[in-house]
Amino acid sequence: MAKAAKKTVKKTAKKPAKKVAKKAAEPDIRKGLVGVIADTTAVSKVMPETNSLTYRGYAVQDLAASCSFEEVAYLLLNGDLPNRKQLNAFKKKERSLRKLSSNHIAVISKFPKKAHPMDTIRTAVSYLGTTEVAWGGEPAEADMERAINMLSKIPTMIATDFRFRNGQRRIAPRTDLSMAENFFHMCFGKVPPKAVVKAFDVSLILYAEHSFNASTFTSRVITSTRSDIYSAVAGGIGALKGPLHGGANEAVMDMMKAIRTPARAEAWIRDAMANKKLIMGFGHRVYKQGDSRVPTMKSCLEDLTKWSGDTKWLDIYNILRDIFVNEKGIHPNLDFPSGPAYYLMGFPVNLYTPIFVMARITGWSAHVLEQNASNALIRPLSAYSGRAQRKVPAIAKRK
Ligand code: COA
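In our numbering, the protein residues as written are 22 to 420.
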């Protein structure tokens with residue numbers, strides 16, 4: 022028995038050594054984690070083969086057609102659509118939490134006026150995280166409370182900062198308005214016609230969740246260390262800011278404003294293609310044949326164009342899309358229609374990605390809850406590409 026055991030040990034001791042040597046020579050590196058399935062999720066499913074996306078099993082375009090953002094927020098956080106009683110209770114709670122403390126308002130009032138609103142919302146969320154000591158892995162109910170508190174307060178933080186940076190007085194939230202209506206009210210002091218509010222609400226639904234995108238994955242990585250939900254959301258906001266991710270909706274509008282008129286659009290895109298420039302609002306890591314959310318948001322952009330009578334942006338949209346899709350086979354993503362849509366709603370360009378935060382707080386929170394419920398520290402390996410090991414020379418011998 023002892024001999025047999027010795028033999029087995031000898032055999033297995035040799036095998037892994039060979040394997041390790043081979044692996045070290047050819048490490049399987051997936052730069053950008055392209056194609057890597059990092060975990061399971063029950064929150065949403067992205068199906069590039071059919072250009073479709075479901076939240077908790079419901080097609081996103083059906084949710085946009087039949088539900089409010091509040092219903093979708095409940096769905097993402099709880100796993101199912103609310104019945105009337107559950108929705109009323111959820112709405113009542115969300116509305117009751119909209120006000121910021123006087124300290125929080127004072128912090129926001131001190132932000133440098135030149136700071137980007139993504140930096141101020143990241144910091145304002147971080148401030149909320151200092152009002153209690155929280156850790157990951159606490160009972161899910163505690164994180165659910167924090168998630169609803171952030172869902173409710175983030176729009177107030179964004180609007181308060183927006184007013185202050187423009188030298189205006191803040192406008193307190195109202196409890197008789199939906200989340201979408203209240204955001205317009207807090208920014209501009211009035212609520213636009215129903216069609217405009219609906220387009221905004223739809224954009225929030227479409228931006229709410231998208232599986233393991235960069236910001237959600239960031240939030241999950243932070244959660245996996247058993248850090249708190251505020252840190253996870255602050256990290257998510259940092260990742261979302263980048264123009265390859267959420268920041269693209271601002272970059273799209275900056276690009277369209279630089280193009281200026283439909284008459285200049287064709288020459289502009291041909292020049293950009295000739296110079297191999299990155300065209301903002303096109304391309305996607307997962308969808309290669311078109312983004313499932315674009316038709317719904319494009320239809321909102323068309324409604325807003327009719328409502329405003331300003332056809333310029335839709336015309337530029339169509340020219341850029343036709344040429345880029347036909348010649349490069351790269352399709353628009355959600356940021357392409359949402360950029361000009363927010364412009365027509367009257368929001369300044371630097372508020373577009375913060376609006377994305379208002380929506381994505383639901384997806385981030387759902388993923389934080391899911392990660393906490395079945396946690397494993399996220400810690401990949403790296404293949405070392407630096408200098409071979411060497412001796413530390415005495416300081417006099419260093420060049
Ligand atoms: N403009 C110009 N070329 C683009 C492009 C774009 N928007 N998106 C992709 N491409 C090109 C790449 O240059 C690359 O060409 P190559 O094979 O000749 O090098 C090819 O298409 C594959 O793209 P790649 O960058 O490898 O895809 P990815 O999955 O790594 O990147 C994005 C996806 C979203 C980062 C990328 O499409 C992009 O930067 N888009 C613009 C920013 C944007 O709209 N972001 C919002 C995403 S929802």
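No residue lacks a Cβ here, since even glycine has one placed at the ideal position from N, Cα and C.
Classification of A397 by the beta-carbon crowding that lies within 10 angstroms, buried from 16 upward:
Taking the first residue of the sequence shown as position 1, residue 397 is located at position 376. Classification of A397: exposed, given that the 10 Å Cβ count is below 16.
For V154 and G384, the rounded distance between their alpha carbons
Counting from one through the sequence shown, the residue named residue 384 turns up at place 363. Counting from one through the sequence shown, the residue named residue 154 turns up at place 133. Roughly 23 Å between the two C-alpha positions.
Please confirm whether any heavy atom of the ligand COA lies closer than 6 Å to the CB of F301.
Against the sequence shown, residue 301 aligns to sequence position 280. The sequence shown places Met at residue 301, rather than the Phe named in the question. M301: yes, Cβ under 6 Å from the ligand COA.
Which partner residues does L74 have in the DSSP bridge list?
Here the question's residue 74 lines up with position 53 in the sequence shown. For L74, which the question treats as bridged, DSSP gives the partners V67.
I175 burial status per 10 Å Cβ neighbour count (16 or more: buried)
Residue numbering aside, residue 175 sits at position 154 when the sequence shown is read from its first letter. Result: buried.
Evaluate contact between the region 247-263 and the region 343-358, counting only Cβ atoms and requiring at least three cross-stretch pairs below 8 Å.
no
Where does D343 land, buried or exposed, given buried means 16+ other C-beta within 10 angstroms?
The residue you call residue 343 lines up with position 322 of the sequence shown. Classification of D343: exposed, given that the 10 Å Cβ count is below 16.
K36 versus E47: straight-line alpha-carbon distance, rounded:
As a first step, residue 36 must be located in the sequence shown, where it is residue number 15. As a first step, residue 47 must be located in the sequence shown, where it is residue number 26. Note that K36 has pLDDT 45, beneath the 50 cutoff, so the model's placement of it is unreliable and the number below is only indicative. Those two C-alpha atoms are separated by around 17 Å.
From I376 to L225, what does the alpha carbon distance come to, in whole angstroms?
The sequence position of residue 376 within the sequence shown is 355, counting from 1. The sequence position of residue 225 within the sequence shown is 204, counting from 1. Near 8 Å, if we compare the C-alpha coordinates of L225 and I376.
Could you work out which residue in S73, I258, M207, E91 is closest to Q310 when comparing CA atoms only?
Locating residue 310 in the sequence shown gives position 289, where the first residue counts as 1. Among S73, I258, M207, E91, the Cα nearest to that of Q310 belongs to S73.
Can you find a heavy atom of the ligand COA that lies under 6 Å from the Cβ of I340?
Residue numbering aside, residue 340 sits at position 319 when the sequence shown is read from its first letter. Incorrect: I340 has no Cβ contact closer than 6 Å to the ligand COA.
Pull up the DSSP beta-bridge partners for F345, would you.
Numbered from its first residue, the sequence shown carries residue 345 at position 324. Partner(s): none; F345 has no beta bridge.
Short check: CB of W334 to CB of M277, under 7 Å?
Here residue 334 corresponds to residue number 313 of the sequence shown, with the count starting at 1. Here residue 277 corresponds to residue number 256 of the sequence shown, with the count starting at 1. It is a contact, given that the beta carbons lie within the stated cut-off.
Taking only heavy atoms of the ligand COA into account, decide whether any of them is closer than 6 Å to the Cβ of N371.
On the sequence shown, position 350 is the one that residue 371 refers to. Not under cutoff, so the answer is no.
Helix, strand or coil: which one does DSSP assign to P264?
For the purposes of this step, residue 264 is taken as the residue at position 243 of the sequence shown. The answer is coil: DSSP assigns P264 none of H, G, I, E or B.
Going by other Cβ atoms of all chains shown within 10 Å of its Cβ, with 16 needed for buried, is K66 buried or exposed?
One-based indexing of the sequence shown puts residue 66 at position 45. With fewer than 16 Cβ atoms within 10 Å of its Cβ, K66 is classed as exposed.
beta-carbon N104 near the ligand COA non-hydrogen atom, thresh 6 Å:
The sequence position of residue 104 within the sequence shown is 83, counting from 1. It does not: the Cβ of N104 is nowhere closer than 6 Å to a heavy atom of the ligand COA.
Pull up the distance between the alpha-carbon of R77 and that of F90, whole angstroms please.
Your numbering for residue 77 matches position 56 in the sequence shown. Your numbering for residue 90 matches position 69 in the sequence shown. Cα to Cα, R77 sits roughly 15 Å from F90.
Closer than 6 Å: is that where the CB of R306 sits relative to any heavy atom of the ligand COA?
Numbered from its first residue, the sequence shown carries residue 306 at position 285. Flag set: Cβ of R306 near the ligand COA.
Across the region 168-187 and the region 126-146, are there enough close Cβ pairs to call them in contact, namely three or more that are closer than 8 Å?
yes
Please report the straight-line C-alpha distance between E115 and K106, rounded to a whole angstrom.
Reading the sequence shown from its first residue, position 94 is the one you call residue 115. Reading the sequence shown from its first residue, position 85 is the one you call residue 106. Roughly 14 Å between the two C-alpha positions.
Is the region 214-224 in contact with the region 159-176, if contact means three or more CB pairs nearer than 8 Å?
No, the region 214-224 is not in contact with the region 159-176.
Count the other CB atoms within 10 Å of the CB of M68; is the residue buried (16 or more) or exposed (fewer)?
The residue given as residue 68 occupies position 47 in the sequence shown. Exposed, since its Cβ has fewer than 16 Cβ neighbours within 10 Å.
Let me know the secondary structure DSSP gives A180 once reduced to three states.
Within the sequence shown, the letter at position 159 stands for residue 180. A180: helix per DSSP, three-state reduction.
Let me know the secondary structure DSSP gives A421 once reduced to three states.
In the structure as shown, the chain begins at 22 and stops at 420. Residue 421 is therefore absent and cannot be evaluated.
Classify A417 as buried or exposed, calling it buried when 16 or more other Cβ atoms lie within 10 Å of its own Cβ.
Start at 1 with the first residue of the sequence shown, and residue 417 comes out as number 396. Answer is exposed; the Cβ neighbour count stays below 16.
Please report the distance separating the alpha-carbon of G150 from that of S406.
Translated into the one-based positions of the sequence shown, residue 150 becomes position 129. Translated into the one-based positions of the sequence shown, residue 406 becomes position 385. Near 38 Å, if we compare the C-alpha coordinates of S406 and G150.
Grouping DSSP H, G and I as helix and E and B as strand, with all else coil, what is Y338?
As a first step, residue 338 is located in the sequence shown; it is residue number 317 there, counting from the start. Helix, per DSSP.
Inter-residue Cα distance where the pair is N347 and T282:
Taking the first residue of the sequence shown as position 1, residue 347 is located at position 326. Taking the first residue of the sequence shown as position 1, residue 282 is located at position 261. Those two C-alpha atoms are separated by around 21 Å.
Element boundaries [alpha helix (DSSP H), containing R306]:
For the purposes of this step, residue 306 is taken as residue 285 along the sequence shown, with counting starting at 1. Annotation: R306 is outside any alpha helix (DSSP H) and is labelled neither H nor E by DSSP.
Using a Cβ-based criterion (distance less than 6 Å to any ligand heavy atom), does I351 qualify as near the ligand COA?
Locating residue 351 in the sequence shown gives position 330, counting from the first residue. Indeed, a heavy atom of the ligand COA lies less than 6 Å from the Cβ.
Limits of the unbroken alpha helix (DSSP H) element including A272
Within the sequence shown, residue 272 is the residue found at index 251, counting from 1. Unbroken alpha helix (DSSP H) run through A272: 269-280.
Assign P353 to one of three DSSP states: helix, strand, or coil.
Here residue 353 refers to the residue found at position 332 of the sequence shown. DSSP places P353 in strand when its eight states are reduced to three.
How far does the alpha helix (DSSP H) with K298 in it reach, from first residue to last?
Position 277 of the sequence shown, counted from the start, is the residue given in the question as residue 298. Premise fails: K298 is in no alpha helix (DSSP H) and is neither H nor E.
Within the present structure, is the beta-carbon of D249 separated from the nearest heavy atom of the ligand COA by less than 6 Å?
Sequence index remark: in the sequence shown, residue 249 carries index 228 (1-based). No, the Cβ of D249 stays beyond 6 Å of every heavy atom of the ligand COA.
T374 lies in the alpha helix (DSSP H); which residues open and close that run?
Along the sequence shown, one-based indexing puts residue 374 at 353. Start and end: 373-394.
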